[in-house]
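K.L.:
Listed in order, the protein sequences are those of chains A and B.
For what it's worth, my numbering labels the leading residue of the first sequence as 31, then goes sequentially.
For what it's worth, my numbering labels the leading residue of the second sequence as 31, then goes sequentially.
Beta carbons are placed, not taken as given, at the ideal position from N, Cα and C, and that holds for glycine.
There are 2 protein chains.
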Amino acid sequence: MINQNAPIGVFDSGVGGLTVVKEIMHQIPNERIVYFGDTARVPYGSKSKETVTKFSRQIVRFLQMQNVKAIVVACNTASAYALDEIEKETDIPMIGVVKPGAKVASEVTGNGKIGIIGTEGTIASGIYSKYIKELNDKAEVIGRSCPLFVPLVEEGLLQDPVTDEIAKRYLAELIDIDIDTLVLGCTHYPLIRETVGRVMGDKVTLVNPAYETARELKELLEEKNLLNEEPAKLGDDKYRFFVSDASEKFKRFANSIIKYGILSAKTINIEEY
Amino acid sequence: MINQNAPIGVFDSGVGGLTVVKEIMHQIPNERIVYFGDTARVPYGSKSKETVTKFSRQIVRFLQMQNVKAIVVACNTASAYALDEIEKETDIPMIGVVKPGAKVASEVTGNGKIGIIGTEGTIASGIYSKYIKELNDKAEVIGRSCPLFVPLVEEGLLQDPVTDEIAKRYLAELIDIDIDTLVLGCTHYPLIRETVGRVMGDKVTLVNPAYETARELKELLEEKNLLNEEPAKLGDDKYRFFVSDASEKFKRFANSIIKYGILSAKTINIEEY
Numbered sequence: 031m032i033n034q035n036a037p038i039g040v041f042d043s044g045v046g047g048l049t050v051v052k053e054i055m056h057q058i059p060n061e062r063i064v065y066f067g068d069t070a071r072v073p074y075g076s077k078s079k080e081t082v083t084k085f086s087r088q089i090v091r092f093l094q095m096q097n098v099k100a101i102v103v104a105c106n107t108a109s110a111y112a113l114d115e116i117e118k119e120t121d122i123p124m125i126g127v128v129k130p131g132a133k134v135a136s137e138v139t140g141n142g143k144i145g146i147i148g149t150e151g152t153i154a155s156g157i158y159s160k161y162i163k164e165l166n167d168k169a170e171v172i173g174r175s176c177p178l179f180v181p182l183v184e185e186g187l188l189q190d191p192v193t194d195e196i197a198k199r200y201l202a203e204l205i206d207i208d209i210d211t212l213v214l215g216c217t218h219y220p221l222i223r224e225t226v227g228r229v230m231g232d233k234v235t236l237v238n239p240a241y242e243t244a245r246e247l248k249e250l251l252e253e254k255n256l257l258n259e260e261p262a263k264l265g266d267d268k269y270r271f272f273v274s275d276a277s278e279k280f281k282r283f284a285n286s287i288i289k290y291g292i293l294s295a296k297t298i299n300i301e302e303y
Numbered sequence: 031m032i033n034q035n036a037p038i039g040v041f042d043s044g045v046g047g048l049t050v051v052k053e054i055m056h057q058i059p060n061e062r063i064v065y066f067g068d069t070a071r072v073p074y075g076s077k078s079k080e081t082v083t084k085f086s087r088q089i090v091r092f093l094q095m096q097n098v099k100a101i102v103v104a105c106n107t108a109s110a111y112a113l114d115e116i117e118k119e120t121d122i123p124m125i126g127v128v129k130p131g132a133k134v135a136s137e138v139t140g141n142g143k144i145g146i147i148g149t150e151g152t153i154a155s156g157i158y159s160k161y162i163k164e165l166n167d168k169a170e171v172i173g174r175s176c177p178l179f180v181p182l183v184e185e186g187l188l189q190d191p192v193t194d195e196i197a198k199r200y201l202a203e204l205i206d207i208d209i210d211t212l213v214l215g216c217t218h219y220p221l222i223r224e225t226v227g228r229v230m231g232d233k234v235t236l237v238n239p240a241y242e243t244a245r246e247l248k249e250l251l252e253e254k255n256l257l258n259e260e261p262a263k264l265g266d267d268k269y270r271f272f273v274s275d276a277s278e279k280f281k282r283f284a285n286s287i288i289k290y291g292i293l294s295a296k297t298i299n300i301e302e303y
């Protein structure tokens, strides 16, 4: 029997998943959230399926000990590499960001040409293509990994000629083949949405899986009768943040993404889980 | 009683330490080497002292189990944050890259103005400044962290207008204050030595701690009567490479740095040590 007042667990390799947290806070404001950012082992995007799955499994164990009622894998690489395996290992309902993103992309495309940008891991997995083609078998899906986007975002170069130049190189091929829809397949990328949008031009629709993930989470909780009916009230207890490394960067970044402000982030030893 | 034919242990957060391995292979070609690259948890440069020390301690335990006769901390961040603590915990002679780099810089400077570039961790530690001032109390040491250099190197942009532009921004302040010596305080940076040299101009001497570290290692082994007297012969057994994540990138990168070729890199679970 799952407690409907229990928190939702959300995890990511670091800070990117906070773009998903922000959408959850907005769309289902009554919900409590426990967030874990694996700042000691970030990034996941350049690491193997085995390693990302091992790390994700440890985090799920940690979140289970926080008695969460549902888990959101708010990291594209972990959703791509680990979700299928780890969701079999627990009864807690679990959703990732890839399926919701793939669903929107397959719905909004006109010409059926869909681009996916993400980490090396997400692109190598081919998972967006797999899900999109299940929904729209005529779709043509083209993936492009963009390894410098995360470091550029973390360096704060959100609006910068260097970010423009790198975006032009990464996206050139997608422009050439005339895609009309582009999935921001990494939770950091909404932060450079403007740059990506400018380079792609007005005719291309950008899909941010964070929005759709929060919507699907809400549906899932409704369906399972797990929505929190308590009146919304803000306090230390409502939104709790854990990290594996006491990085000041986490708090700085988190506060730039989430309007409520992150008062504290507790460091835990994730390798023990 | 340490066996003089035992291997030297060398570790880094990932591939950067191979620039040090290359120097060791060159300067003391009879030595066996066991290398560990922490590719599952790379990078260290943006992480805390506590985390970097914990990771380094695990790696030292792993290297001890390989019966190494000496350990080279071939990572500036680990040398800066962890070396003082971990060298107390074992009898195995240990050297890092910071002291050798600081020593050369304090010797070659003419005007006493020395720049240090490195990761956020290395620069925040202030350790280069501390060691340089012990050797030359008139020296003025100015540190600058360059967080994008490692991702740019790993993306292969060794000679590229984007790398030039980022280098100009990072180094502007060091040029303004007229340094005559610049320490490449991260093992990745020798790979963009040309770009850094071009931006700094001919009057600035670039110091690569890798060279000096290998020289000091040789002296240390001589002093302790631990030099390997066996004739040099190359085989799988002489140079062994271990990583924490089975990244293909490791082998690709390693082969671009070391001329002998890395035939294989074995993956181990470093969290168990």
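Show which residues of chain A have a CB atom less than 9 Å away from the CB atom of residue 195 (chain B).
P.N.:
Position 165 of the second sequence, counted from the first residue, corresponds to residue 195 (chain B). In chain order: 191, 192, 195.
K.L.:
Hey, quick one: how far does the beta strand (DSSP E) through residue 270 (chain B) stretch, first residue to last?
P.N.:
The residue you call residue 270 (chain B) lines up with position 240 of the second sequence. Taken as a continuous stretch (DSSP letters only), the beta strand (DSSP E) holding residue 270 (chain B) covers 269-273.
K.L.:
Please work out which residues of its chain come closer than 6 Å, Cβ to Cβ, to residue 86 (chain A), disregarding the five sequence neighbours upstream and downstream, and give them in chain order.
P.N.:
Here residue 86 (chain A) refers to the residue found at position 56 when the first sequence is read from its first residue. 108, 112, 116, listed in sequence order.
K.L.:
Taking the alpha carbon of residue 103 (chain B) as the reference point, which residue from B:76, B:134, B:68 has its own alpha carbon closest?
P.N.:
Taking the second sequence and counting its residues from 1, one reaches residue 103 (chain B) at position 73. It is B:68.
K.L.:
Quick one: Cα of residue 119 (chain A) to Cα of residue 130 (chain A), how far?
P.N.:
As a working note, residue 119 (chain A) is residue 89 in the first sequence. As a working note, residue 130 (chain A) is residue 100 in the first sequence. Cα to Cα, residue 119 (chain A) sits roughly 22 Å from residue 130 (chain A).
K.L.:
Got a sec: does the ligand GTP put a non-hydrogen atom nearer than 7 Å to the Cβ of residue 160 (chain B)?
P.N.:
Questions concerning the ligand GTP fall outside what the structure shown contains, since it holds no ligand whatsoever.
K.L.:
Nearest CA to the CA of residue 73 (chain B): which residue from A:64, A:48, A:43?
P.N.:
For the purposes of this step, residue 73 (chain B) is identified with residue 43 of the second sequence, where counting begins at 1. Sorting A:64, A:48, A:43 by C-alpha distance to the C-alpha of residue 73 (chain B) places A:43 at the top.
K.L.:
Are residue 54 (chain B) and residue 38 (chain B) closer than 8 Å when you measure CB to CB?
P.N.:
Counting from one through the second sequence, the residue named residue 54 (chain B) turns up at place 24. Counting from one through the second sequence, the residue named residue 38 (chain B) turns up at place 8. Closer than 8 Å, so yes.
K.L.:
For chain A, find out if any of its Cβ atoms is closer than 8 Å to the Cβ of residue 178 (chain B); answer yes or no.
P.N.:
Position 148 of the second sequence holds residue 178 (chain B). For residue 178 (chain B), the answer is yes, since a Cβ of chain A falls inside 8 Å of its Cβ.
K.L.:
Can you list, in chain order, the residues of the region 39-54 of chain A whose Cβ is nearer than 8 Å to any Cβ on chain B?
P.N.:
none
K.L.:
Within 8 Å of any Cβ in chain A, is that where the Cβ of residue 59 (chain B) sits?
P.N.:
Along the second sequence, read from residue 1 onward, the residue named residue 59 (chain B) stands at position 29. Not closer than 8 Å to any Cβ of chain A, the Cβ of residue 59 (chain B) fails to qualify, so no.
K.L.:
Does residue 11 (chain B) get closer than 8 Å to chain A when you measure Cβ to Cβ?
P.N.:
Lying outside 31 to 303, the shown extent of chain B, residue 11 (chain B) is not represented and no answer is given.
K.L.:
Measure from the C-beta of residue 80 (chain A) to each C-beta in chain B and report whether the shortest distance is under 8 Å.
P.N.:
As a working mapping, residue 80 (chain A) is identified with position 50 in the first sequence. Interface flag for residue 80 (chain A) against chain B is set, since a Cβ pair is found closer than 8 Å.
K.L.:
Which residues, in order along the region 251-282 of chain A, keep a beta-carbon less than 7 Å from a beta-carbon of chain B?
P.N.:
275, 276, 277, 279
K.L.:
Quick check on DSSP: helix, strand or coil for residue 241 (chain A)?
P.N.:
Here residue 241 (chain A) is taken as the residue at index 211 of the first sequence, counted from 1. Helix, per DSSP.
K.L.:
Go through the region 167-192 of chain B residue by residue and report every complete run of the beta strand (DSSP E) that reaches 3 residues or more, in order.
P.N.:
If we require 3 residues or more, the beta strand (DSSP E) runs fully inside the region 167-192 of chain B come out as 170-175.
K.L.:
Along the beta strand (DSSP E) that carries residue 65 (chain B), what are the first and last residues, could you check?
P.N.:
Here residue 65 (chain B) refers to the residue found at position 35 of the second sequence. 63-67 is the span of the beta strand (DSSP E), which, as asked, contains residue 65 (chain B).
K.L.:
So which residues of chain B does residue 71 (chain A) contact, with C-beta pairs closer than 8 Å?
P.N.:
Indexing the first sequence from 1 puts residue 71 (chain A) at position 41. By Cβ distance, chain B contributes 70, 71.
K.L.:
Near residue 218 (chain A), which residues of its chain fall below 7 Å by C-beta distance, leaving aside the five closest residues on each side in sequence?
P.N.:
Within the first sequence, the letter at position 188 stands for residue 218 (chain A). If we look at residue 218 (chain A) and ignore the five residues flanking it on each side, its Cβ neighbours are 46, 179, 180, 183.
K.L.:
Which residues does DSSP list as the beta-bridge partners of residue 42 (chain A)?
P.N.:
The sequence position of residue 42 (chain A) within the first sequence is 12, counting from 1. A:67, per the DSSP bridge assignment.
K.L.:
At least one CB of chain B closer than 8 Å to the CB of residue 296 (chain A): is that the case?
P.N.:
Indexing the first sequence from 1 puts residue 296 (chain A) at position 266. By the rule that beta-carbons nearer than 8 Å mark a contact, residue 296 (chain A) does not touch chain B.
K.L.:
Residue 217 (chain A) by DSSP, collapsed to three states: which one?
P.N.:
Along the first sequence, read from residue 1 onward, the residue named residue 217 (chain A) stands at position 187. In this structure, residue 217 (chain A) counts as coil in the three-state DSSP scheme.
K.L.:
Please determine, among B:66, B:233, B:157, the residue with the shortest C-alpha to C-alpha distance to residue 300 (chain B).
P.N.:
To locate residue 300 (chain B), count along the second sequence from 1; it is residue 270. Selected option, being the one with the closest Cα: B:66.
K.L.:
Please determine if the region 87-106 of chain B and the region 183-197 of chain B are in contact, where contact requires at least 3 C-beta pairs separated by less than 8 Å.
P.N.:
no
K.L.:
Can you tell which of B:135, B:59, B:78, B:70 has its C-alpha closest to the C-alpha of residue 242 (chain B)?
P.N.:
Counting from one through the second sequence, the residue named residue 242 (chain B) turns up at place 212. Out of B:135, B:59, B:78, B:70, B:135 has the C-alpha closest to the C-alpha of residue 242 (chain B).
K.L.:
Could you tell me which whole beta strand (DSSP E) segments of length 3 or greater appear in the region 111-176 of chain B?
P.N.:
124-126, 143-148, 170-175
K.L.:
Would you call the region 141-150 of chain B in contact with the region 165-179 of chain B, where contact means no fewer than 3 C-beta pairs closer than 8 Å?
P.N.:
With a cut-off of 8 Å, the region 165-179 of chain B and the region 141-150 of chain B count as touching, because enough Cβ pairs lie within range.
K.L.:
Can you check DSSP and say which residues form a bridge with residue 297 (chain B)?
P.N.:
If you number the second sequence from 1, residue 297 (chain B) lands on position 267. Paired residues: B:273.
K.L.:
Mind reading off the beta-carbon distance from residue 270 (chain B) to residue 64 (chain B)? Whole number of angstroms is fine, and I expect it under 8 Å.
P.N.:
Sequence index remark: in the second sequence, residue 270 (chain B) carries index 240 (1-based). Sequence index remark: in the second sequence, residue 64 (chain B) carries index 34 (1-based). Yes, they are in contact, since the Cβ atoms of residue 270 (chain B) and residue 64 (chain B) sit about 5 Å apart, within 8 Å.
K.L.:
Nearest chain A C-beta to residue 76 (chain B) closer than 8 Å, yes or no?
P.N.:
The residue labelled residue 76 (chain B) in the question sits at position 46 within the second sequence. Answer yes: the Cβ-Cβ gap between residue 76 (chain B) and chain A drops below 8 Å somewhere.
K.L.:
Which residues in chain A sit within 7 Å of residue 185 (chain B), going by Cβ to Cβ distance?
P.N.:
In the second sequence, residue 185 (chain B) corresponds to position 155, counting from 1. Ordered by position in chain A, the residues that pass the 7 Å Cβ test against residue 185 (chain B) are 177, 178.
K.L.:
Looking only at its chain, what residues have a beta carbon closer than 6 Å to the beta carbon of residue 350 (chain B), apart from the 5 residues adjacent to it on each side?
P.N.:
Chain B is shown from 31 up to 303; residue 350 (chain B) falls before or after that span and cannot be answered.
K.L.:
Looking only at its chain, what residues have a beta carbon closer than 6 Å to the beta carbon of residue 251 (chain B), apart from the 5 residues adjacent to it on each side?
P.N.:
Against the second sequence, residue 251 (chain B) aligns to sequence position 221. Closer than 6 Å at the Cβ level, and outside the excluded window around residue 251 (chain B), lie 257.
K.L.:
Indicate the three-state DSSP secondary structure (helix, strand or coil) for residue 201 (chain A) in the structure shown.
P.N.:
As a first step, residue 201 (chain A) is located in the first sequence; it is residue number 171 there, counting from the start. Correct three-state label for residue 201 (chain A): helix.
K.L.:
When the Cα of residue 166 (chain B) is compared with those of B:239, B:133, B:157, which residue comes out closest?
P.N.:
Counting from one through the second sequence, the residue named residue 166 (chain B) turns up at place 136. Per the Cα distances, B:133.
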